[in-house]
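A short write-up of the structure that comes next.
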Amino acid sequence: MKTNPGRFFEDYRVGDTIHHAVPRTVSGGERALYHTLYPARHALYSSDEFARACGLPASPLDDLAAFHVVFGKTVPDVSLNAVANLGYAEGRFLQPVYPGDTLRSVSEVIGLKQNSNGKTGVVWVRTTGLNQKGEAVMSYVRWVMVRKRDADAPAPDTVVPDLKPHLDAADLTIPAGLDFSDYDFALAGEPHRWGDYAVGETIDHVDGVTIEEAEHMMATRLWQNTAKVHFDLTFRPEGRLIYGGHVISLARTLSFNGLANAQMIAGLNAGAHANPCFAGDTVKAWSEVLDRAETANPSVGALRLRLVATKGGAPFDLRGADGKYQPDVLLDLDYWALVPR
Amino acid sequence: MKTNPGRFFEDYRVGDTIHHAVPRTVSGGERALYHTLYPARHALYSSDEFARACGLPASPLDDLAAFHVVFGKTVPDVSLNAVANLGYAEGRFLQPVYPGDTLRSVSEVIGLKQNSNGKTGVVWVRTTGLNQKGEAVMSYVRWVMVRKRDADAPAPDTVVPDLKPHLDAADLTIPAGLDFSDYDFALAGEPHRWGDYAVGETIDHVDGVTIEEAEHMMATRLWQNTAKVHFDLTFRPEGRLIYGGHVISLARTLSFNGLANAQMIAGLNAGAHANPCFAGDTVKAWSEVLDRAETANPSVGALRLRLVATKGGAPFDLRGADGKYQPDVLLDLDYWALVPR
Amino acid sequence: MKTNPGRFFEDYRVGDTIHHAVPRTVSGGERALYHTLYPARHALYSSDEFARACGLPASPLDDLAAFHVVFGKTVPDVSLNAVANLGYAEGRFLQPVYPGDTLRSVSEVIGLKQNSNGKTGVVWVRTTGLNQKGEAVMSYVRWVMVRKRDADAPAPDTVVPDLKPHLDAADLTIPAGLDFSDYDFALAGEPHRWGDYAVGETIDHVDGVTIEEAEHMMATRLWQNTAKVHFDLTFRPEGRLIYGGHVISLARTLSFNGLANAQMIAGLNAGAHANPCFAGDTVKAWSEVLDRAETANPSVGALRLRLVATKGGAPFDLRGADGKYQPDVLLDLDYWALVPR
């Protein structure tokens, strides 16, 4: 058989390295499309002039666009037979990606644990996105529940990786040259500096977007993520499942309204897709400031933020009395952003 | 509160200058997207070779795409609490915008008039789009009806700006270097020169486009216009309102069929969004030649055109016996185009 | 009348040359949009680095994207009054198209045959796509059934061109510099070489895409194909007809799964749009290896492939007992692809 059946749980070995296929050169086209598919307004990713005034050579591709490109390549090898995308950890954005860069992805299998039902197991991979110079532009850990091909196949030794519950500010990489000393708050859209945000503060980002089928499919294809659950209504007559990353990008771009100066994503601490998202849902977002830290760069502060996407329901209502996510919660993301001090 | 509540009527003062946020660098991506979202075929905006043969350094971004970029930036400061977009005047296209240019917008408040109900008022702004060299690429006057935050706030002195009912041909800027002497009518798609159009002549542009939700939202986001009326079906359960500029671009690009040589927009005299537009509407367009003028450039003539977009109904039927726009009329736009003589 | 009524059957003369309007410069924007509208993953068209490792100066625009650009220009002159798109033959891809190239199209009328009903006739044209240097980048023959303006107009002499039932491998142009000697199969996504495919082998490409209205309209506009049957629901209340080329691109990109190394299209032998396609259809694809041939380039083999798109039904079921296409078959395409040996 020449088509790709995807890997099953017993196809992974701890220590395996997977070189994912289909490298991609990004251009101004990907940037324009990101701004077409999401309400993206962070000035650093919109204007070459603004980016240069912040010490960068040009406006980079949005961090999450780069993430989606790197992630999309892993789908045929990691999640084609996945039952669930369980989590993210230790996501580090190591350098910006610019138009003209070519990205590819490599994953190392760092953990395996068969489930007690014997039919599925959890696979942990650490994925690294590399540019054309072979330099890492990001890395992150992701774990997914994968079906076994053969329920009778023996269970592998359990290896659960030791992952940080969240990155520390000292783990973050500040892009070379980044300098917010002359940051133009008027052009950026809001006056709030790093010091204006308090731990525990919550922000309702107010705006909402009702999702259309064409939009999420176009976005998902742009990242060359071709998992059929997102595209084929005969495969999922109950509705095409929206790629979780689409919700992440919607929530992040909606968060401009209140976090316009949380310009760059430097770390991805954790993420849960709490409930599935479908076309017709109206996505809104709220944030909570989880932590604040200075960085080695005197012009740059770091904010650790919880970003929550919902499809209705009141803001700031994350979990019920039973500790479970409210049914309207789509995403609970924990990340570090770089903000002018 | 860190999110932007928008400005209310009493937040404007005549003489105020507003520097709008989020500058944007445009690329071939924006051009390709404009041609994806609209049936755009004017050769000058499609081919670098054709543009060079007309004396320009390369194919510019479509004039209306540049307009939407400049306009989109003003939304958070001007029309977030607008009840209605009332009109445009004195729109001047001062120089073409090219891939690589970075645009930003500045508005001056030039008029204020509280309405007799005491709850709303009209705000006039003159907006200028600037490129990375600080040169003006366009300017236009727009007036909107804006809610008051507090109905008891005192009315400002009424200042109604003295606006030209329309620009004269002498007010138009012909782009430096533009030369239609060797214009290739076959490649442009139609044989009609400036002299072939008569004042009073009407043209039914024949073609129609039935609008989808995904299309107008993608277009509107591309211009970073994130007003929630266009995106959030929970905010407007009766239907997402389509950005008026989407209708302008649809009508202008549909007008290629009959006005293929009306290459460049040089002036925007007036514009009214006569009725709201929703997904499912089929937009068609017709034009009327309002005036003709020579320009200082012997190869370039100017046509003053009325461009009307409809969603059904017969062409050329603009107003009823009561003088009001017919219910099928979406747009009544008055502009100057540059045409080979 | 200034709008284009399109040509009718009696407007064509054998030997006529038609210079089609609206040249187009392509950029990274068109490439990104192709990857947004189709599940395109062939590595040569995704990565400049991969393309350079194959001896090309950069990643070209997808062959079918270039085809659609060339084809789109012919619509106003060839198929505006067409009743049916009858076939393709002798399609040669002569050189890759790169971002920055400007394409235009020229057609020669090579055949005419009035139908016995006297109301329509068949027109054969050979269309050539040219770049800014005047070099041919592709050529193909297409024939369409076109309405007569006047049923009483006399029939022209019948001229039916002598067309090859399919190109031979020796007719194919291998792009200058193309070298698959160091081809990276891991990055390309599949291990199968030219020699791994056997004549008669069939491949079910498994994946499917349910089409949305916004997607096919955006794609069709991108190629500046503005035939109203694709856009205007008031013109076709029974449903907007999807541009046949949209189905070709969907099928070709879905065929990545099993034919990831069928990198370049070198020849188009024949093609039939067996049944119309509408939004809501779920398109799947299967292929059959029709022939194999070496080429003058020792690193490059050629596969002649049948590519079939369906909207349901079992794979490999092309025609019924009556010899007619099954009602679920959308496309039957016969092409040559270049594959690493």
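Residue numbers (the numbering used here), protein chains in the order written: chain X, 991 to 1331; chain L, 991 to 1331; chain R, 991 to 1331.
For glycine and all other residues, C-beta sits at the position ideal for the given N, C-alpha and C.
Where the beta strand (DSSP E) containing residue i begins and where it ends
i         : result
THR1285/R : Looking at the DSSP string, THR1285/R is not in any beta strand (DSSP E), and its letter there is neither H nor E.
GLY1198/L : 1192–1200
ASP1322/L : 1319–1330
THR1092/X : 1092–1104
GLY1313/R : No beta strand (DSSP E) contains GLY1313/R, which DSSP labels as neither H nor E.
LEU1120/X : 1110–1120
HIS1009/R : 1007–1009
Bounding residues of the alpha helix (DSSP H) (the contiguous stretch that carries residue i)
i         : result
THR1346/R : An answer regarding residue 1346/R cannot be provided, because it is not within the stretch 991 to 1331 covered by chain R.
VAL1136/X : Where VAL1136/X is concerned, there is no enclosing alpha helix (DSSP H), although the beta strand (DSSP E) it sits in stretches over 1126–1137.
ARG1021/X : 1018–1027
LEU1258/X : No alpha helix (DSSP H) holds LEU1258/X; the beta strand (DSSP E) holding it covers 1254–1263.
ASN1247/L : 1246–1249
ALA1178/R : 1175–1178
Short CB-CB distance (under 8 Å) between residue i and chain R
i         : result
THR1007/X : no
ALA1304/L : no
ILE1232/L : no
ASN1075/L : no
LEU1328/X : no
GLU1278/X : no
Three-state secondary structure (DSSP) of residue i
i         : result
PHE1083/L : strand
LYS1063/L : helix
SER1239/L : helix
GLU1039/L : helix
LEU1293/X : strand
ALA1275/X : strand
GLY1077/L : strand
ALA1048/R : coil
VAL1149/L : strand
LEU1054/X : helix
VAL1298/X : strand
ALA1217/R : coil
ALA1143/L : coil
LEU1280/L : strand
ALA1304/X : coil
ALA1033/X : helix
Min CB distance residue i to chain X below 8 Å
i         : result
ALA1013/L : As written in the sequence, residue 1013/L is Pro, which differs from the Ala given in the question. Interface residue, yes.
LYS1109/L : no
ARG1031/R : yes
ASN1265/L : no
LYS1123/L : no
ASN1251/L : no
PHE1221/L : yes
Min CB distance residue i to chain L below 8 Å
i         : result
PRO1055/X : The sequence given here has Ala at residue 1055/X, not Pro. Chain L contact via Cβ: absent.
LEU1177/X : yes
ARG1137/R : no
PHE1225/R : yes
GLY1235/R : no
GLY1018/R : yes
heavy atom of the ligand MN below 7 Å from residue i C-beta
i         : result
ALA1126/R : Absent from the structure shown: the ligand MN. Ligands present: none.
message: Under 8 Å, with one C-beta from each stretch per pair, do the segment 1257–1275 of chain L and the segment 1075–1090 of chain L reach the 3-pair mark?
response: With the cut-off at 8 Å, the segment 1257–1275 of chain L and the segment 1075–1090 of chain L touch.
message: Count Cβ pairs between the segment 1291–1303 of chain L and the segment 1266–1275 of chain L that sit closer than 8 Å; are there 3 or more?
response: Yes: the two stretches touch, three or more of their Cβ pairs being nearer than 8 Å.
- request: Inspect the CB distances between the segment 1275–1287 of chain L and the segment 1177–1197 of chain L and report whether three or more fall short of 8 Å.
  value: Under the Cβ criterion (8 Å, minimum of three pairs), the segment 1275–1287 of chain L counts as touching the segment 1177–1197 of chain L.
task: Would you be able to state if there are at least three C-beta pairs under 8 Å between the segment 1004–1024 of chain R and the segment 1280–1289 of chain L?
output: Flag = no, the segment 1280–1289 of chain L and the segment 1004–1024 of chain R do not touch.
- prompt: Within the chosen definition, does the segment 1064–1071 of chain X reach the segment 991–1005 of chain X through at least 3 CB pairs nearer than 8 Å?
  reply: Here the segment 1064–1071 of chain X lies against the segment 991–1005 of chain X, with 3 or more beta-carbon pairs under 8 Å apart.
message: Closer than 8 Å is the cut-off here; do at least three beta carbon pairs connect the segment 1135–1152 of chain X with the segment 1089–1096 of chain X?
response: Short answer: they don't touch.
field: At least three beta-carbon pairs within less than 8 Å, the segment 1236–1247 of chain L to the segment 1305–1318 of chain L
entry: As far as the Cβ criterion goes, the segment 1236–1247 of chain L does not touch the segment 1305–1318 of chain L, which means the pair count is below three.
query: Counting pairs of Cβ atoms below 8 Å between the segment 1318–1331 of chain R and the segment 1165–1173 of chain R, do you hit three or more?
result: Remark: three or more beta-carbon pairs, one from each stretch, lie closer than 8 Å, so the segment 1318–1331 of chain R and the segment 1165–1173 of chain R are flagged as touching.
At least 3 beta-carbon pairs within less than 8 Å: the segment 1011–1020 of chain X vs the segment 1195–1210 of chain R: The segment 1011–1020 of chain X vs the segment 1195–1210 of chain R: no contact.
field: Cβ pair count under 8 Å reaching 3, the segment 1020–1027 of chain X against the segment 1044–1058 of chain X
entry: Enough Cβ pairs lie closer than 8 Å, so yes.
field: At least three beta-carbon pairs within less than 8 Å, the segment 1059–1066 of chain X to the segment 1112–1129 of chain X
entry: Contact holds: three or more Cβ-Cβ distances are below 8 Å.
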